[in-house]
Amino acid sequence: MTPSPSPAALPDPLALIDAEAGRSSSVLAATDPAAPVPTCPDWTALDLLWHVTEVHEFWASVLATEARTDEDAEKADGMKDPRPEGEDAREHLVDRRARATASLLAQLEKRPDDQAAWSWFPADQSVGFTRRMQVHEATMHRVDAELTAGAETLSPISEEVATDGLDHAVAVMFAAGHDWIPEWAELSPLALLRLLPEGGEALDVEIAHWTGTRPRDGQEFDQLVARPLPEDADPDALPFAQAEGTALAIYLWLWGRSPALDRLPGGAQQVDLSGDEDAVPHVIDVLAQGMD
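Heads up, the sequence shown is in our numbering, so the first residue is 2 and it goes up one at a time.
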């Protein structure tokens, strides 16, 4: 287990989760339930409200049952009630979301970051992982909610959250893809992406793809993945691209929320992506795969 140190650097993560989830709920409660979510094209506003609710129910249950294995997590997931349907579904979900968030916060409040707990990320099986992940998931889904409602200006995101979110995107959300590469696959590096947030530290990202033929059925695979540049890698050996902007702009860009860049407090921002013609398309393609 590798406990995540980052929640300690975030200003009051439980308050952040509570505020962002509450804002999502209040916005969605006043939005047409059938309105499409621009950043999650397959979802409606009601789907988004359900997702926020079920995510908090699930992680509260994981912690309450002290789940440690995939089987434990499946049991925790099976404990939740079905999604409400019908004309009153939104009203029921608004109330249920509030209870779900309260349950999650209660579980997080009484547990230290280094306590063992199941997560989908093998490198970090700790309560700290859940605390950190839920800060960023709640933040992103609040952005989704405000975009769905057509807000002209989005609620602010702090510099601390944005900076931590850059690291989390690279070290966890991208890196997790490597955990699912099958043993029969071959991994080949394709490009180096250097993230250059204004006033912050550069982050180097290796973009690669794994290819191979699945033995059981002969199906061919070619899948893009990314991760922090390995320490033993030669950065000069790969086609190079760089992304420049504020930490906030790069945070939203990495997490697939570029539509939010035109609606930020203080005015629109952008991420400037440049580099070798053999690198930039790979960056665009890996981001197009999305991040929940």
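Virtual Cβ for every residue (Gly too), placed ideally from N, Cα, C.
Could you give the residue range of the alpha helix (DSSP H) that holds R132?
Working through the sequence shown from its first residue, we reach residue 132 at position 131. Its alpha helix (DSSP H) spans residues 128–149.
Taking only the alpha-carbon atoms, compute the straight-line gap between G291 and A227 and give it to the nearest angstrom.
The residue given as residue 291 occupies position 290 in the sequence shown. The residue given as residue 227 occupies position 226 in the sequence shown. Cα to Cα, G291 sits roughly 12 Å from A227.
Mind reading off the beta-carbon distance from D277 to A242? Whole number of angstroms is fine, and I expect it under 8 Å.
On the sequence shown, residue 277 is found 276 positions in, with the first residue counted as 1. On the sequence shown, residue 242 is found 241 positions in, with the first residue counted as 1. Confirmed, Cβ separation roughly 6 Å.
So is R215 buried or exposed if we call it buried at 16+ other beta carbons inside 10 Å?
Position 214 of the sequence shown, counted from the first residue, corresponds to residue 215. Classification of R215: exposed, given that the 10 Å Cβ count is below 16.
So the beta strand (DSSP E) W51 belongs to, where does it begin and stop?
On the sequence shown, position 50 is the one that residue 51 refers to. W51 -> not in any beta strand (DSSP E); alpha helix (DSSP H) instead, spanning 46–65.
Check for me: the alpha helix (DSSP H) holding V95 runs from which residue to which?
Along the sequence shown, one-based indexing puts residue 95 at 94. Looking at the DSSP string, the run of the alpha helix (DSSP H) that includes V95 is 90–110.
Would you kindly report the start and end of the unbroken beta strand (DSSP E) that includes L29?
On the sequence shown, position 28 is the one that residue 29 refers to. Premise fails: L29 lies in the alpha helix (DSSP H), 14–30, not in any beta strand (DSSP E).
Taking only the alpha-carbon atoms, compute the straight-line gap between L105 and H52 and give it to the nearest angstrom.
Along the sequence shown, one-based indexing puts residue 105 at 104. Along the sequence shown, one-based indexing puts residue 52 at 51. In a straight line, the C-alpha of L105 is about 14 Å away from that of H52.
One question on the structure: do A74 and A68 come within less than 8 Å of each other, judged by their Cβ atoms?
The count along the sequence shown starts at 1 and reaches residue 74 at position 73. The count along the sequence shown starts at 1 and reaches residue 68 at position 67. Cβ distance < 8 Å, so A74 and A68 count as in contact.
Measure the alpha-carbon distance for S159 versus S259 and round it to whole angstroms.
As a position in the sequence shown, residue 159 is number 158, starting the count at 1. As a position in the sequence shown, residue 259 is number 258, starting the count at 1. Answer to the nearest angstrom: the Cα atoms are 17 Å apart.
Would you list, in sequence order, the uninterrupted alpha helix (DSSP H) runs of no fewer than 4 residues that lie entirely inside the region 209–270?
Those alpha helix (DSSP H) runs which fall completely within the region 209–270 and span 4+ residues are 248–255.
Measure the Cβ-Cβ separation of P198 and P266 and say whether it is below 8 Å.
Residue mapping note: residue 198 aligns to position 197 of the sequence shown, counting from 1. Residue mapping note: residue 266 aligns to position 265 of the sequence shown, counting from 1. Against a cut-off of 8 Å, the Cβ pair of P266 and P198 comes out as no contact.
L29 and L11 look like a contact to me (Cβ under 8 Å); what is the Cβ gap, rounded to whole Å?
Here residue 29 refers to the residue found at position 28 of the sequence shown. Here residue 11 refers to the residue found at position 10 of the sequence shown. Not really, about 24 Å apart at Cβ, beyond 8 Å.
Identify, in the order they occur along the chain, each residue of the same chain with its Cβ nearer than 8 Å to the Cβ of A118, setting aside the five sequence neighbours on each side.
As a working mapping, residue 118 is identified with position 117 in the sequence shown. Once the five neighbours on either side are set aside, the close Cβ partners of A118 are V63, L64, E67, A68, R69, R112, Q126, S127, V128, F130, T131.
Could you check which residue in H169, L194, D13 has the C-alpha nearest to that of L109?
Looking up residue 109 in the sequence shown gives position 108. Here the closest residue by C-alpha is D13.
Over the uninterrupted alpha helix (DSSP H) stretch that includes G166, give me the two end residues.
Position 165 of the sequence shown, counted from the first residue, corresponds to residue 166. Start and end: 160–169.
In whole angstroms, what is the alpha-carbon distance linking Y252 and L167?
Against the sequence shown, residue 252 aligns to sequence position 251. Against the sequence shown, residue 167 aligns to sequence position 166. Between Y252 and L167, the C-alpha separation is close to 5 Å.
So which of V206, L193, A146, L15 has the shortest CA-CA distance to H169?
Position 168 of the sequence shown, counted from the first residue, corresponds to residue 169. Residue V206 is the option with its Cα nearest to H169.
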